[in-house]
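To start, the structure under review is shown below, and the notes come after it.
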Amino acid sequence: MLNLLRHIVQKVNAAGDLQNTFQVLVEQTCQAMQADICSVYLVDDEQKHLSLVASQGLNKAIIGKATLTLEQGIVGQVYQKEEFINTDDASSHEAFHPLANSGEEGAKAFLGVPLIHHRQVLGVLVLQQFSRRKFTEDDISFLITLSAQLAGIIVNAENRANISEAIKSSTNAEFNVVAAIPGIAIASGWVVTAPGILEKIPDRPCSDVDAEIQTLRQALKKARQEFRDMRKNLEHDLPKQQLALFSAFEAMLSHNSLGRKIERRITRDQIWAPAALRHTIEESVQQFYELEDDYLQERAVDILDLGRRVLAHLQKHKLRKKTYTKNIILIAENLTSAMIAEVPPARLKGIISLQGSTTSHAAIVARSMGIPALMGIRDCPLDLLENRQLVLDGYGKKLLVSPSRKIIAEFRTRQAKEELFLGKISQSSGKRVHTKTKDGHKIQLLLNVSPFDTEHLENSIRVDGVGLYRTEYLFMQSKSFPGEQEQYEEYRKVLATFPNQPVVLRTLDAGGDKHLPYFPITEDNPFLGWRGIRISLDHPEIFITQLRAMLRANIDHGNLHISLPMISTLNEIDQSMELLHQVYDEVRSEEGITKKRLPFPKVGAVIEVPSAVYLIRQIVKRVDFISIGSNDLTQYLFATDRNNTRVSYLYNAFHPAILLAFSEICDAAHQAKTPVHICGEIAGNPLATILLLAMGMNAFSMNIRTIPKIRQIVRSFTYKDANKVLSKVLSFETSFEVQSYLKKVMEQHKLIELVNPAPKEM
């Protein structure tokens, strides 16, 4: 039964357009259930009726024309009750109402189940039989299971149809995305595809092995030159460590790597070079996919791209040098860093990858270049985005296709204001700029930083330090665990960039959605598994190496702060502190230095696990500061994966439950006189600033582009006024009430333009 279910779903998924989807659905279901009739009725919300949209067995002339009211017939009863109806004699049912000229008049058996998606009834799936037949419990279970699967497919098919129609008619179309890199881009869409169709290469014997190997070597040589050119194209826009990515691709195409494997296959199997290339690439890609790890599966995309580029040269297809005469937003099904590198940086305004996430190489390159990006878009017709006017909203995680002139103008205004903010603040670089309320209450505005960012921060806007330095990115970009000296050099660089200011280095926060390619972790639920401090304590050799590098980097700087991620028990803090004291004594002894040259660092706990909220009064006695990890804390409190489209609507850091948790943490910390930092998306959300300020957050950590806005908001309120707003907000019961009230407050203070709402057509 399971195989049959899978077969039907696969057939329906592959159907293509909306009408074909319905037809395949009724044909396959009718055949599987050995019924005489299978029909689909969908709700027409505007007309308030159920419309017959597809049928196998009924008169085809009435399909798309016949309707029932929402209460009419047995079908209407299924819709109203939101449950199945099963009868072996439909004509005796009190609600019996056959469609005129349908051909169902003589049908006796009836089984109808509702099509429900996200608690909304979309329509009814009906089976009918002319002979008397009582559908069994197995039949009912199968149809209910099938309807649950089909409801999602129908919604997606309808969305695709509506979106394609909207795009073709040049009206506004809007897409929500899974992940984004903040920023706004307005430009024409430029769709790129993989250079060679590797998957369609047939096996073919070769008559001259040596000649095939020579052909392969020439293709590899040309592909290596491509990556050298890409590196040169970006050498002024990427830090050295990111440029090394293209050198790594070049090395993979050398004789000692993929080249040797392909040559061996040519010799062993006596096949032509393209087929040997296909087998070798497919083997490498499959090894990544079998690890069932999202991060490593994204590395498979890079390998496949390498193979396709080599194939293009093998087939003697000269890869066309494209001429970019206008600004573009680069789009692909699965965007790679190589595709980005082919575009002149001055012309590249944004990137969109229908698949992938912010941990892909393409996203990492975009982030380093300061380019906004959207990753993971469902039901987006790639072919229809070419040359369309697009607005990429990295703040609102939206893509707008063919927006109106009014919407484009509003986004351009937002762009200009952002540049103005950044321009004003950058002019004050080097000057001490305090962030305080009208009545003198001070806070710190800190930066979120990743390794390799420091090269771009030396002349950046004035901030109060670094609130979150993500050390895991250094580990993610390495081929093996980085050694003490490599870590030392990177940490010392960031400590030196922010002299006399706090720099919070978060210890290795691997696991969850942050994966190390050389240290795969396979778990059923990685977000609730082995991650953060749990890995560090289970592998003290890794933890100690990192702590030694941090402490050595702090010699003669004295601005090191260390935060411990994923704290869920007091014992984790105690064990970490014990190791840190041990390493501190060792480093001081080895270096022969005083406490003045190497003071013991401030240590903080990241509060992102619900258990830590309830342990907060004990935690604040053990650490020097608290850092609230708002993204994960919100996910864990609501048991919601924010990247899962089925439940992501629950993820909202403005919900009263989250705000009460924040408030509880702050109250406990203030009683112990322990400073509180806030990290995550809400820290840089202008709508939340006044609440976090009133709760007594001492430091806000965010990306560099958001700092000017938050600073202006803080300076626009008194601390007393902020507390009045907080008191009112904590009486609300929904996130909608909270956000609506905060928007009114921002409007009253003429600050609403800083909130970055997605403009809507009036």
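For the sequence shown, the working numbering assigns the number 8 to the initial residue and increments by one for each residue that follows. Note that beta-carbon positions come from the ideal geometry of N, C-alpha and C, so glycine has one too.
- [ ] Specify, as a first and last residue, the run of the beta strand (DSSP E) that Ser62 falls within.
- [x] Along the sequence shown, one-based indexing puts residue 62 at 55. Counting along the chain, Ser62 sits inside the beta strand (DSSP E) bounded by residues 56-63.
Task: Contact check, Leu586 vs Ile542, beta carbons under 8 Å - done: Reading the sequence shown from its first residue, position 579 is the one you call residue 586. Reading the sequence shown from its first residue, position 535 is the one you call residue 542. Cβ distance not < 8 Å, so Leu586 and Ile542 don't count as in contact.
TODO: Go ahead and label Thr713 buried or exposed: buried means 16 or more other beta carbons lie within 10 angstroms of its beta carbon, across all protein chains shown.
DONE: Here residue 713 corresponds to residue number 706 of the sequence shown, with the count starting at 1. With 16 or more other Cβ atoms within 10 Å, it is buried.
Task: Simplified DSSP state of Pro509, which is helix, strand or coil - done: On the sequence shown, position 502 is the one that residue 509 refers to. Residue state, collapsed to three classes: coil.
Task: Beta carbon of Gln582 nearer than 8 Å to that of Leu544 - done: Residue 582 sits at position 575 when you count from the first residue of the sequence shown. Residue 544 sits at position 537 when you count from the first residue of the sequence shown. Against a cut-off of 8 Å, the Cβ pair of Leu544 and Gln582 comes out as a contact.
Open item on the list: Quick check on Asn394: buried or exposed, where buried means 16 or more other Cβ atoms within 10 Å of its Cβ?
Closed with: One-based indexing of the sequence shown puts residue 394 at position 387. With fewer than 16 other Cβ atoms within 10 Å, it is exposed.
Task: Residues of its chain near Val19, where Cβ-Cβ distance is below 8 Å and the 5 sequence neighbours each way are ignored - done: For the purposes of this step, residue 19 is taken as the residue at position 12 of the sequence shown. Shown here for Val19: same chain residues with a beta carbon closer than 8 Å to its own, the five before and five after excluded, namely Thr28, Val31, Leu32, Gln35, Leu157, Ile160 in chain order.
Task: Three-state class that DSSP yields for Glu181 in the structure shown - done: Numbered from 1 along the sequence shown, position 174 holds the residue referred to as residue 181. Three-state DSSP puts Glu181 in a strand.
TODO: Would you grab the beta carbon distance between Ile384 and Ile415 for me? Rounded to a whole angstrom, and I think it's under 8 Å.
DONE: For the purposes of this step, residue 384 is identified with residue 377 of the sequence shown, where counting begins at 1. For the purposes of this step, residue 415 is identified with residue 408 of the sequence shown, where counting begins at 1. Rounded, the Cβ-Cβ distance is 20 Å, inconsistent with contact.
Task: Close-in-space but distant-in-sequence residues of the same chain around Asp244 (CB under 7 Å, 5 per side omitted) - done: Locating residue 244 in the sequence shown gives position 237, where the first residue counts as 1. Around Asp244: Pro352, Met376.
Open item on the list: What would DSSP say about Gln451, mapped onto helix, strand or coil?
Closed with: Along the sequence shown, one-based indexing puts residue 451 at 444. It is a strand residue.
Task: Cβ shell of Ala765 (< 7 Å), same chain only, five flanking positions each side left out - done: In the sequence shown, residue 765 corresponds to position 758, counting from 1. The predicted position of Ala765 is uncertain, since its pLDDT is 40 and thus under 50; a value taken from the coordinates is nonetheless stated next. Only Asp400, Gly403, Lys405 meet the Cβ criterion.
TODO: Hey, could you find the ends of the beta strand (DSSP E) Leu122 is sitting in?
DONE: Here residue 122 corresponds to residue number 115 of the sequence shown, with the count starting at 1. Run containing Leu122: 116-124, per the beta strand (DSSP E) assignment.
Task: Runs of beta strand (DSSP E) lying entirely within the stretch 127-157, each at least 3 residues, in chain order - done: 127-136
Task: Contiguous beta strand (DSSP E) assignments of at least 3 residues, all confined to the stretch 19-54 - done: 44-51
TODO: Rank Asn240, Ile717, Ile626, Leu657 by C-alpha distance to the C-alpha of Cys673 and give the top, closest one.
DONE: Looking up residue 673 in the sequence shown gives position 666. The residue with the shortest Cα to Cα distance from Cys673 is Ile626.
Task: Counted within 10 angstroms of its Cβ, other Cβ atoms place Gln127 as buried (16 or more) or exposed - done: Residue 127 sits at position 120 when you count from the first residue of the sequence shown. Flag for Gln127 reads exposed.
Open item on the list: Measuring alpha carbon to alpha carbon, tell me which residue in Arg604, Ile188, Phe743, His684 is nearest Ala664.
Closed with: Reading the sequence shown from its first residue, position 657 is the one you call residue 664. Distance from the Cα of Ala664 is smallest, within the candidate group Arg604, Ile188, Phe743, His684, for Phe743.
Task: Sufficient close CB pairs (3 or more, under 8 Å) joining the stretch 702-719 to the stretch 639-647 - done: When C-beta atoms of the stretch 702-719 are compared with those of the stretch 639-647, fewer than three pairs fall below 8 Å, so the two segments do not count as touching.
- [ ] Please list, in chain order, all residues of the same chain as Met702 whose beta carbon is under 7 Å from its beta carbon, the five residues on each side excluded.
- [x] Here residue 702 corresponds to residue number 695 of the sequence shown, with the count starting at 1. Phe669, Ser670, Cys673, Leu733, listed in sequence order.
- [ ] Give the straight-line distance between the Cα atoms of Asp648 and Ile549, rounded to the nearest whole angstrom.
- [x] Residue 648 sits at position 641 when you count from the first residue of the sequence shown. Residue 549 sits at position 542 when you count from the first residue of the sequence shown. Answer to the nearest angstrom: the Cα atoms are 29 Å apart.
Open item on the list: Here's the rule I'm using: 16 or more other beta-carbon atoms within 10 Å means buried, otherwise exposed. How should Glu754 be labelled?
Closed with: Here residue 754 corresponds to residue number 747 of the sequence shown, with the count starting at 1. When all chains shown are included, Glu754 counts as exposed.
Task: Helix, strand or coil at Ile204 [DSSP, three-state] - done: Position 197 of the sequence shown, counted from the start, is the residue given in the question as residue 204. Ile204: coil per DSSP, three-state reduction.
- [ ] Report buried or exposed for Leu667, applying the criterion of at least 16 other Cβ atoms within 10 angstroms of its Cβ.
- [x] Numbered from 1 along the sequence shown, position 660 holds the residue referred to as residue 667. Exposed, since its Cβ has fewer than 16 Cβ neighbours within 10 Å.
TODO: In angstroms with no decimal places, state the Cα-to-Cα distance between Ser634 and Asp471.
DONE: For the purposes of this step, residue 634 is taken as residue 627 along the sequence shown, with counting starting at 1. For the purposes of this step, residue 471 is taken as residue 464 along the sequence shown, with counting starting at 1. Approximately 16 Å, taken between the alpha carbons.
Task: Environment of Gln589 [buried if 16+ CB atoms lie within 10 Å] - done: Reading the sequence shown from its first residue, position 582 is the one you call residue 589. By the 10 Å Cβ count, Gln589 comes out exposed.
TODO: Measuring only between beta-carbons, confirm whether Phe253 sits less than 8 Å from chain D.
DONE: Checking the listed chains, one finds no chain D in this structure; it contains a single protein chain.
Open item on the list: Less than 8 Å between the C-beta atoms of Leu481 and Leu567, yes or no?
Closed with: Residue 481 sits at position 474 when you count from the first residue of the sequence shown. Residue 567 sits at position 560 when you count from the first residue of the sequence shown. No. Outside cutoff.
- [ ] Over the uninterrupted beta strand (DSSP E) stretch that includes Lys356, give me the two end residues.
- [x] By 1-based counting over the sequence shown, the position of residue 356 is 349. Looking at the DSSP string, the run of the beta strand (DSSP E) that includes Lys356 is 355-360.
- [ ] Helix, strand or coil for Ile69, going by three-state DSSP, please let me know.
- [x] Within the sequence shown, residue 69 is the residue found at index 62, counting from 1. Ile69: helix per DSSP, three-state reduction.
Task: Neighbourhood of Ser655 by C-beta distance below 6 Å, restricted to the same chain and skipping five residues each side - done: Mapped onto the sequence shown, residue 655 falls at position 648. Contacts found: Arg649.
TODO: Rank Ser291, Glu426, Arg139, Arg559 by C-alpha distance to the C-alpha of Ile600 and give the top, closest one.
DONE: Translated into the one-based positions of the sequence shown, residue 600 becomes position 593. Checked all of Ser291, Glu426, Arg139, Arg559; the closest Cα to Ile600 is Arg559.
TODO: Report yes or no: do three or more beta-carbon pairs, one from the stretch 89-105 and one from the stretch 55-74, lie closer than 8 Å?
DONE: no
TODO: Hey, could you find the ends of the beta strand (DSSP E) Thr74 is sitting in?
DONE: The residue you call residue 74 lines up with position 67 of the sequence shown. For Thr74, the enclosing beta strand (DSSP E) begins and ends at 74-76.
Open item on the list: Let me check one thing: in DSSP terms, what residues is Leu381 bridge-paired to?
Closed with: Taking the sequence shown and counting its residues from 1, one reaches residue 381 at position 374. Per DSSP, Ala187, Ile359.
Task: Rounded C-alpha distance that separates Ala218 from Arg211 - done: Walking along the sequence shown from the start, residue 218 turns up at place 211. Walking along the sequence shown from the start, residue 211 turns up at place 204. Roughly 15 Å between the two C-alpha positions.
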